[in-house]
Amino acid sequence: MTPSAFRAGTAVVVRDLRLGLRHRSEALTPLMFLVLVCTLFPLGLGPDPQRLAEIAPAVVWIAALLASMLSLNHLFAEDFADGSLELLLASSQPLSLLMLCKVFAHWLVSGLPITLLAPVLAYAYRMPIEGIGMLFTTLLLGTPTLSMIGAIGVALTIGLRRGGMFLALLVLPLFVPVLIFATAGVI
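The opening residue of the sequence shown carries number 127 in the working numbering; numbering runs sequentially from there.
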């Protein structure tokens, strides 16, 4: 990697982190959704601790997957609206590096907080500590994967009127293997 490509990638990450911090509600919405979904399951299933501990990995992972989908629309939306996406395309720097940096910044704003909050929610389900550690590890590996897959879907649907609906149809089948392997790794 050349020094100019490193500087360009760093600039993309810093810019997207600043935008993410400026629009805190967009970063907090997935977290609130995650907490809400994980809170509703025990209300619907009942307070049996053993049953809750058994379903905790699946509930937390499904909630994390859906919460990450909420934030995907914002990955390229602002850049598409203000024309900076076209500048990235016309840049002399490798487009793959710039997009990887955008996805990394998106993960830092949305995926990392989900990953950090999930063990607290799993503990509330009375999941064993070793299982919580494994859940954290799978989320640490899986949420960047969700962001990468989601970036492909967002790139394909960014200019469409009802892109959010098509985005869900595109990426949900691709998210299923991540969900299966991650929950199987925890159980």
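Every residue gets a Cβ at the ideal spot worked out from N, C-alpha and C, and that includes glycine. Bear in mind the structure is a predicted one, so any value in this text is a computation, not a measurement.
Quick one: grab the DSSP three-state call for residue 320. Lying before the first or after the last residue shown, residue 320 is absent from the chain, which here runs from 127 to 313.
Verify whether the separation of the beta carbon atoms of residue 302 and residue 183 is less than 8 Å. no
With burial defined as no fewer than 16 other Cβ atoms inside 10 Å of the residue's Cβ, what is the status of residue 208: buried or exposed? It is exposed - the Cβ of residue 208 has fewer than 16 other Cβ atoms within 10 Å.
Is the stretch 283-298 close to the stretch 167-187, with three or more CB pairs under 8 Å? no
So which of 153, 135 and 242 has the shortest CA-CA distance to residue 218? 135
Tell me whether residue 217 sits in a helix, a strand or coil according to DSSP, three-state version. coil
Below 8 Å between beta carbons: does that hold for residue 194 and residue 156? yes
Just how far apart, CA to CA, sit residue 308 and residue 282? Roughly 26 Å between the two C-alpha positions.
In this structure, does DSSP put residue 174 in helix, strand or coil? coil
The alpha helix (DSSP H) that contains residue 128, what's its start and end? Going by DSSP, residue 128 is part of no alpha helix (DSSP H) at all; its letter is neither H nor E.
Using 8 Å as the threshold, is the C-beta distance between residue 198 and residue 265 below it? No; because the gap between Cβ atoms is not below 8 Å, this pair is not in contact.
Measure how close the beta-carbons of residue 244 and residue 138 come, nearest whole angstrom, since I'm counting them as under 8 Å. About 27 Å separates the two Cβ atoms, so there is no contact after all.
So what's residue 301 in DSSP terms, helix, strand or just coil? helix
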